[in-house]
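Residues 985 to 1379 (this note's numbering) make up the sequence shown, in order.
Written out below as structure tokens is the structure these notes cover.
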Amino acid sequence: MSNILILAVETSCDETAVSVLQFQGNDLTILANEVSSQVKLHAKWGGVVPNLAAREHVKNIVPIFKLALKNAGVSMQDIDFIAVTEGPGLIPALMVGNNFAKTLAYLWGKPLIGIHHIEGHIYANFVREMTNDKFQMTKAKKLMTLKANEAIFPVLCLVVSGGHTQLVLMKDHLKYEIIGQTLDDAVGEAFDKVARILGIGYPGGPVVAQRAMEFPMTNDQFPNKSQKSNSKSKEYEIQDTRYEIQFPRPMLNKQGFNFSFSGLKTAVLYETKKHPELLSDKKYIAAVCHEFQQATIDVLIAKTLKAAEKFKPKTIMLAGGVSANKELREQMGAAISKSIPNTKYCIPDTSLTGDNAAMIAAAAAFRWQKMNESQKKKALNGWENLQPYANLKLK
Ligand code: KG4
Ligand code: ZN
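Below is the structure:
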């Protein structure tokens, strides 16, 4: 059984990431997964500034690369091939990773393949943590792919990140059909914008989720979970006054599997304009975050189940940064086991939901496995044409 070592580089947005992955049979082992986040740098702008991101990548890429090799306990000679995110993403940011990976390929005479960022997020689902006492390298995690012969296809994957919201149907490995997507904002983007409206920090997803958790859910407000999602009137007691906060569930009753989140974000803006004096009230912020998050989750679950009814997937997966959201993970799981209990439900490990290079290496491992000799030769000799694409399509 051949043992392949992959070095992957990811710089599509605001994380500089390098990973070393070992691929043996059906086992994927992460030997190193280093991520340097720029969140603090971009926080004061309330979003990622592309040129600042690129400058940080230039600063961090070599130290992160050296750390990844050190923690993996390997050198460049040991690496069989290199993978890099070629898009989509911010062009100045992608250029740093692409140039770095090409330089490594040139200097070390290694094959290089480009990977779609969302394909990486999806393949974060195919790695599973395994306990292995003999595995002693620091920071290393032994992971295993879903078994190659396990009947998982068709897979319906709900991709929810800062830049994407898509329902992707996979009839087999590396075969993608986008059956629905957002017509405007991505879910993560909506979380970030809502956090900015409320002035509660950046990135919005984790802070909105955190504040939503602070919402006091009393029995008389939400006697049970199903009522929580479906109840028409949402009353919140704030400063001894009962407010009704009710946001729309956009596109819920529209045909097809597309989404729209910009109206929901605008509804939050109008709500806060009605009560600017409450923006300093923690309970009010918690109530708005809770209702916004629930509106988002209601739509994501309803559309996913509707798509499942039509396409009858064996497996439903979540992917992307927003798949870290605990309520989404739990409520989606509950909805699937209630209405389609024979469908498998797969969510990525929370250590792999955000941008990282291990997910890029995982997707690359499956690509490599499917490549014939001439394609592998092209990866060795034809990588000079590789270039970043801001709007690369998943296909
Ligand atoms: O996949 P990702 O790391 O980067 C892109 O490819 O865009 O996703 C980042 C997005 C951000 O918008 C962030 O606010 C959101 O994921 N996010 C969350 C949570 N953690 C991160 N959204 C909701 N709940 C979370 N717990
Ligand atoms: Zn991402």
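Just so you know, even glycine gets a beta-carbon here, dropped at the ideal spot from N, CA and C.
Have a look at the options and flag the residue whose alpha-carbon is nearest the alpha-carbon of residue i.
| i | options | result |
| --- | --- | --- |
| residue 1082 | 1303, 1271, 1338 and 1000 | 1000 |
| residue 1304 | 1331, 1092, 1345 and 1233 | 1331 |
| residue 1092 | 1269, 1364 and 1262 | 1364 |
| residue 1333 | 1313, 1323, 1347 and 1345 | 1313 |
| residue 1232 | 1220, 1240, 1226 and 1255 | 1255 |
| residue 1374 | 1072, 1027 and 1279 | 1072 |
| residue 988 | 1345, 1366, 1378 and 1002 | 1345 |
| residue 1066 | 1095, 1008 and 1028 | 1095 |
| residue 1277 | 1248, 1302, 1059 and 1267 | 1248 |
| residue 1379 | 1163, 1306, 1265 and 1361 | 1163 |
| residue 1026 | 1013, 1017, 1018 and 1036 | 1036 |
| residue 1311 | 1190, 1357, 1219 and 1068 | 1190 |
| residue 1239 | 1047, 1262 and 1165 | 1165 |
| residue 1097 | 1054, 1289, 1281 and 990 | 990 |
| residue 1138 | 1329, 1336 and 1055 | 1329 |
| residue 1187 | 1028, 1157 and 1257 | 1028 |
| residue 1336 | 1173, 1017 and 996 | 1017 |
| residue 1056 | 1111, 992 and 1033 | 992 |
| residue 1219 | 1268, 1045, 1047 and 1102 | 1268 |
| residue 1019 | 1051, 1089, 1273 and 1039 | 1051 |
| residue 1040 | 1024, 1054 and 1053 | 1024 |
| residue 1289 | 1167, 1265, 1261 and 1318 | 1318 |
| residue 1007 | 1370, 1043, 1044 and 1062 | 1062 |
Run through DSSP, which three-state label would residue i get?
| i | result |
| --- | --- |
| residue 1243 | strand |
| residue 1198 | coil |
| residue 1137 | coil |
| residue 1188 | helix |
| residue 1278 | helix |
| residue 1404 | The requested residue 1404 is not part of the displayed model; the chain covers only 985 to 1379. |
| residue 1233 | coil |
| residue 1100 | strand |
| residue 1273 | helix |
| residue 1046 | helix |
| residue 1020 | strand |
| residue 1087 | helix |
| residue 1213 | With a pLDDT of only 43 at residue 1213, under the threshold of 50, the placement of this residue in the model should not be trusted; the figure read from the coordinates follows. It is helical. |
| residue 1003 | strand |
| residue 1206 | Here residue 1206 scores only 44 on pLDDT, less than 50, and its place in the model should not be relied on; the value that follows carries that caveat. If DSSP states are grouped into helix, strand and coil, residue 1206 belongs with coil. |
| residue 1252 | helix |
| residue 1170 | coil |
Please classify residue i as buried or exposed, where buried requires at least 16 neighbouring CB atoms within 10 angstroms.
| i | result |
| --- | --- |
| residue 1297 | buried |
| residue 1234 | buried |
| residue 1287 | buried |
| residue 1339 | buried |
| residue 1114 | Only weak support exists for where residue 1114 lies, its pLDDT of 42 falling under 50; the value from the coordinates is given anyway. Exposed, because fewer than 16 other Cβ atoms sit within 10 Å of the Cβ of residue 1114. |
| residue 1352 | buried |
| residue 1309 | buried |
| residue 1323 | exposed |
| residue 1227 | buried |
| residue 1224 | exposed |
| residue 1307 | buried |
| residue 1156 | exposed |
| residue 1358 | exposed |
| residue 996 | buried |
| residue 1169 | buried |
| residue 1349 | buried |
| residue 1145 | buried |
| residue 1046 | exposed |
| residue 1147 | buried |
If we call anything under 8 Å between Cβ atoms a contact, is residue i one with residue j?
| i | j | result |
| --- | --- | --- |
| residue 1141 | residue 1106 | yes |
| residue 968 | residue 1243 | Outside the modelled stretch of the chain, which goes from 985 to 1379, sits residue 968, for which no answer is possible. |
| residue 1003 | residue 1342 | yes |
| residue 1229 | residue 1275 | yes |
| residue 1236 | residue 1283 | yes |
| residue 1069 | residue 994 | yes |
| residue 1171 | residue 1149 | yes |
| residue 1109 | residue 1301 | yes |
| residue 1058 | residue 1012 | no |
| residue 1199 | residue 1251 | no |
| residue 1079 | residue 1372 | yes |
| residue 1295 | residue 1153 | yes |
| residue 1030 | residue 1180 | yes |
| residue 1034 | residue 1077 | yes |
| residue 1104 | residue 1347 | yes |
| residue 1174 | residue 1245 | yes |
Practice problem: Could you please go through the chain and list the residues whose beta-carbon is closer than 5 Å to any non-hydrogen atom of the ligand KG4? | Solution: 1145, 1146, 1147, 1172, 1175, 1176, 1187, 1188, 1189, 1190, 1193, 1304, 1305, 1306, 1308, 1309, 1338 and 1339
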